[in-house]
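Protein chains in written order, with this note's numbering: chain A, 1 to 94; chain B, 1 to 252; chain C, 1 to 317.
We put the beta carbon where it would ideally sit given N, CA and C, even for glycine.
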Amino acid sequence: MSRDWPLWEVFVRSRRGLSHIHAGSVHAPDAQMALRNARDLYTRRQEGVSIWVVPSSAITAVSPDEKDPYFASAAGKAYRHPTFYDIPSEVRNL
Amino acid sequence: MSIQPAIAGYALQLGDDALIAAQRLSEWVARAPELEEDVALANIALDLLGQARPLLSYAGEVEGRGRTEDDLAYFRDEREFTNLQITELACGDFGEAIARQLVFSCYQFEMYQRLQSSRDETLAAVAAKAVKEVAYHRDHAAQWTLRLGDGTEESHRRMQAGLTRCWPYVAEIFRPDPLGQELAARGLAVDATQLRPAWGDYIAAVLREATLAWPETIPAPGGGRRGLHTEQLGQLLAEMQYLARCHPGARW
Amino acid sequence: MESGLQAGFERLLAADQRIEPRDWMPEAYRATLIRQIAQHAHSEIIGMQPEGNWITRAPSLRRKAILIAKVQDEAGHGLYLYSACETLGVDRADLLELLHSGQQKYSSIFNYPTLTWADVGAIGWLVDGAAITNQVALCRCSYGPYARAMVRICKEESFHQRQGYELLSTLAQGTPAQRAMAQDAVDRWWWPSLMMFGPPDDASPHSAQSMAWRIKRHSNDELRQKFVDITVPQAAAAGLTLPDSQLRWNEERGHYDIGPIDWAEFKRVIKGGGPCNRQRMDRRVGAHEEGSWVREAAAAYAAKHRPDGARQGGVAA
Numbered sequence: 001m002s003r004d005w006p007l008w009e010v011f012v013r014s015r016r017g018l019s020h021i022h023a024g025s026v027h028a029p030d031a032q033m034a035l036r037n038a039r040d041l042y043t044r045r046q047e048g049v050s051i052w053v054v055p056s057s058a059i060t061a062v063s064p065d066e067k068d069p070y071f072a073s074a075a076g077k078a079y080r081h082p083t084f085y086d087i088p089s090e091v092r093n094l
Numbered sequence: 001m002s003i004q005p006a007i008a009g010y011a012l013q014l015g016d017d018a019l020i021a022a023q024r025l026s027e028w029v030a031r032a033p034e035l036e037e038d039v040a041l042a043n044i045a046l047d048l049l050g051q052a053r054p055l056l057s058y059a060g061e062v063e064g065r066g067r068t069e070d071d072l073a074y075f076r077d078e079r080e081f082t083n084l085q086i087t088e089l090a091c092g093d094f095g096e097a098i099a100r101q102l103v104f105s106c107y108q109f110e111m112y113q114r115l116q117s118s119r120d121e122t123l124a125a126v127a128a129k130a131v132k133e134v135a136y137h138r139d140h141a142a143q144w145t146l147r148l149g150d151g152t153e154e155s156h157r158r159m160q161a162g163l164t165r166c167w168p169y170v171a172e173i174f175r176p177d178p179l180g181q182e183l184a185a186r187g188l189a190v191d192a193t194q195l196r197p198a199w200g201d202y203i204a205a206v207l208r209e210a211t212l213a214w215p216e217t218i219p220a221p222g223g224g225r226r227g228l229h230t231e232q233l234g235q236l237l238a239e240m241q242y243l244a245r246c247h248p249g250a251r252w
Numbered sequence: 001m002e003s004g005l006q007a008g009f010e011r012l013l014a015a016d017q018r019i020e021p022r023d024w025m026p027e028a029y030r031a032t033l034i035r036q037i038a039q040h041a042h043s044e045i046i047g048m049q050p051e052g053n054w055i056t057r058a059p060s061l062r063r064k065a066i067l068i069a070k071v072q073d074e075a076g077h078g079l080y081l082y083s084a085c086e087t088l089g090v091d092r093a094d095l096l097e098l099l100h101s102g103q104q105k106y107s108s109i110f111n112y113p114t115l116t117w118a119d120v121g122a123i124g125w126l127v128d129g130a131a132i133t134n135q136v137a138l139c140r141c142s143y144g145p146y147a148r149a150m151v152r153i154c155k156e157e158s159f160h161q162r163q164g165y166e167l168l169s170t171l172a173q174g175t176p177a178q179r180a181m182a183q184d185a186v187d188r189w190w191w192p193s194l195m196m197f198g199p200p201d202d203a204s205p206h207s208a209q210s211m212a213w214r215i216k217r218h219s220n221d222e223l224r225q226k227f228v229d230i231t232v233p234q235a236a237a238a239g240l241t242l243p244d245s246q247l248r249w250n251e252e253r254g255h256y257d258i259g260p261i262d263w264a265e266f267k268r269v270i271k272g273g274g275p276c277n278r279q280r281m282d283r284r285v286g287a288h289e290e291g292s293w294v295r296e297a298a299a300a301y302a303a304k305h306r307p308d309g310a311r312q313g314g315v316a317a
C-alpha cells in the first residue's frame, strides 16, 4: 500500500542559471528511490537537470495570503494533512 | 577478406539482445507493482528499443540486401535470431524480472563502455549513447535487488529464486563467440569473454549487500548466438510478428 | 468567521485567481475536486490497458516505440493527477482503494476493447481528441495544483492525438485490408467518444455548481460540439467516414448536426455492462495485489536503513 511509501516533494532545476522549482510530488519508500522516481516522472531523464526531493512532512509552510483556520498556526504544513480528513463519498459528479 | 558480414552479424547480435529484452520488459506495462515502476520499466524498454533500432538498421545496411529494421525484426524465423537466451525468458514475478535485468544490464554496461572505442563509427556512436542508459538500468536493477534481497523474508526468498532461475543462462553471455572475437581483434567489437571479471565484481558486491547468495546452478547449453534458442523465443516471436506477417509489404 | 472566509474564497473565484492548498474552501468544493481529480487519474491508469494491449504486437518498431511512450505518459499523467489530488488531504492509497472497490469510477470509454491494431489509432485520434477538448479548459480551472497538472499533461497530450491520427491515416491509405480495419475501428469508437463528454447538461445537476466554482468551464454539450466540429473535417481528410447518417453541416448554426446518442448504452456501460469492465478491474486489482510483496519489501528495507534511526517523514500517524 502507498501508505508505506511516504510522499516526497520534488524540486527541479532544469538548467544552470535557473533555480529549483517545485514540480510536484512522488511516492517512494526512501530518498534514493524518490530521486529515481522523480527523475523518471518530472524530467524524463533529461541530462543536466538537478533534482531535490524532500519528505513532504519536513516542509514547514506559511502563506498569510491563504486563509484557513486549519492553517492558522504560523508554521503549518504545506498541504492539508492526508490523514486528517475522510474521503467524502456522498458527492456525485456527473 | 571483407569483414562486412561479420560486422553485420555482430550488430545483429547486439540488436537482437536489445529487441528481445525490450519485448519482455514491455509485458510489464500495467502490471508493475507500483505505478512508479510502470513508468520506470517502460522507460527501460524504450531505451532498449532505441538501441535495437539503429543496430538492426545498421546490420541491414552493412549486409547490403536491402533489409530494414522491420524486415529483420518481423520477418526472420526463430533460427535466425542471435540474441542471448537470457533475454527471451518468459516473464516471471518481479523478483525474476529484476534478477534478469541485473545480470543483463550489468553485461550491457561493461560491453557498451568498451564498444565506445570501436573503430567502427556507427557502433561507437550507439555505444556512447547506450552506455549512459544502461548505467541507469543497472543502477535501477541494483537498487531493487537490495530492497528485495534485504526487505522481507518473502522478498528475499523470491529474489533468490529469481536469481536461481536465470543463472543457468549467465554462462552463455561470456562464452567465446567467433564473430565477436574476430572483430575484437581488429578493434571493432568487444570480446564478451573479457567482461566476466568486471561483471562478476559488480554483481558480487550487490548480492553481498543484498544478503543474497551467489547462485550455484548448472549452466544451460546456450547457443543463442548460433540461432539455438529456448522454446520461449518461438512463443515471443509468434506474438511480436504475427500482425506484420498477416500483411506482408504493408506500411504502418 | 466562516462567512468572511467564504467571501474571500468567492473573491478569488470572481477574480479568476487560483485556490491553493492552504486556502479555506467549502467542504463540497473540496469533495467535488477530490472526486473529479481522482477519477481523472484513475482514467489515465486504466487507459493504459486498452492501448498497452497492442504493444507486444505493434507491426513496426517505430510504432512499438511510440505506443510504449504513449502508455508510459499515461502512467505519468495518472501520477501527476494523484499528486494534485493529495494536496487536498487524501492519500493515494485510499484513492486506489476506492477505485478497486468500485466506489470511484474511471472514464467509461476504457470499458471498450481494442479489437484490432486500428483501434490504437482510433483511441489516439478520437478518445485523446475528446480528452484534449476537455483538458485545455481545465488548465484554467480554479484549483491551482489541478490546473498546473493539466498544463503539464496538455503539453504531452497533443503528440498522442497526432500519432493516433497518423496511424489511422496510414492505414486508410494502405491495402484494402488495412483500409477496412481503419474504418471498422472508427465505426466502433465514434459514438463512445461522443459519450465521453457526458449527458446533456440539463440532465446533469451538478454542472451548475461546478461551473460556479470554475472547476468546469464549459457545458458538456458545448465541448461535444467543439469536438465534432474539429473532428469531422479530419475524418474526411483521412478518407474515413463517420457512422452517423444524420451528420451534416448546419449553415444556420455554424456547426455540425449529429444524430441521437444512445444514452441507454452509456448508462449500461457505466453500471458495469460494458465489454471490458470486469477485465479492466481484474487487471488493475491483480497488478496491485501481486505487487504488494514488492511494496512491503521496499518499505521494510527503508525502515532498516534509516540514516539516523528517525522516521523519514511522509505520512505521519
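Below the 9 angstroms Cβ cutoff, chain A contributes no neighbours of Glu153 (chain B), its closest Cβ being approximately 16 angstroms away.
When 8 angstroms is used as the limit between beta carbons, Trp5 (chain A) is near these residues of chain C: Arg295, Ala298, Ala299 and Gly314, in chain order. With a cutoff of 8 angstroms on beta-carbon distance, Val131 (chain B) and Gln116 (chain B) are scored as near each other. Considered as a whole, the region 216 to 284 of chain C harbours 248 to 250 and 255 to 257 as its complete beta strand (DSSP E) runs of no fewer than 3 residues, in chain order. In the DSSP secondary-structure assignment, Arg13 (chain A) is bridged to A:Ser50.
In the same chain as Pro145 (chain C), and ignoring 5 residues on each side of it, the C-beta atoms closer than 7 angstroms to its own belong to Pro21, Ala84 and Thr87, in chain order. Taking a contact as a CB-CB distance under 8 angstroms, the pair Phe75 (chain B) and Ile86 (chain B) does not count as one, their CB atoms being some 24 angstroms apart. Arg24 (chain B) counts as buried, since no fewer than 16 other beta carbons sit within 10 angstroms of its beta carbon. Only exposed fits Arg245 (chain B), as fewer than 16 other CB atoms lie within 10 angstroms of its CB. Non-local beta-carbon contacts of Leu5 (chain C) in its own chain, meaning distances under 8 angstroms to residues more than five positions away in sequence, involve Trp24 in chain order. What Thr114 (chain C) touches in chain A, judged by beta-carbon distance under 7 angstroms, is nothing: the nearest beta carbon there is about 24 angstroms away. Inter-segment contact for the region 233 to 251 of chain B and the region 169 to 180 of chain C is present: three or more beta-carbon pairs are separated by less than 8 angstroms. In the DSSP assignment, Ser155 (chain B) falls within the unbroken alpha helix (DSSP H) covering Glu153 to Cys166. Relative to His288 (chain C), the option among C:Ala31, C:Val151, C:Arg188 and C:Arg92 whose CA is nearest is C:Arg92.
Annotation: Ala99 (chain B) to Leu242 (chain C) spans about 49 angstroms, alpha carbon to alpha carbon. Around His140 (chain B), the beta-carbon contacts reaching into chain A at under 8 angstroms are Arg36. Among the residues of the region 166 to 195 of chain C, those with a Cβ less than 7 angstroms away from any Cβ of chain B are Thr170, Gly174, Thr175, Ala177 and Gln178, in the order of the chain.
Assignment of Trp8 (chain A) by DSSP, reduced to helix, strand and coil, places it in the strand class. Secondary structure of Ala15 (chain C) (DSSP, three-state): coil. Taking 8 angstroms as the threshold, the shortest C-beta distance from Pro21 (chain C) to chain A falls below it. At a cut-off of 8 angstroms between C-beta atoms, Ala28 (chain A) counts as an interface residue with respect to chain B. Against chain B, the CB of Leu18 (chain A) has no partner CB under 8 angstroms away; the residue lies outside that interface. Its chain contains Ala59 and Thr82 as the residues whose beta carbon lies nearer than 6 angstroms to that of Leu12 (chain B), once the 5 sequence neighbours on both sides are disregarded; these appear in chain order.
DSSP, reduced to helix, strand and coil, places Val26 (chain A) within a strand of the structure shown. Between the C-alpha atoms of Asp71 (chain B) and Gly224 (chain B) there is a straight-line separation of about 20 angstroms. When Cβ-Cβ separations below 8 angstroms define contact, Gln51 (chain B) makes no contact with chain A. Around Phe197 (chain C), the same chain offers Asn220, Leu223 and Arg224 as residues with beta carbons nearer than 6 angstroms, after the five sequence neighbours per side are excluded.
Scanning the region 143 to 222 of chain C for uninterrupted beta strand (DSSP E) segments of 3 residues or longer gives nothing; none is fully contained.
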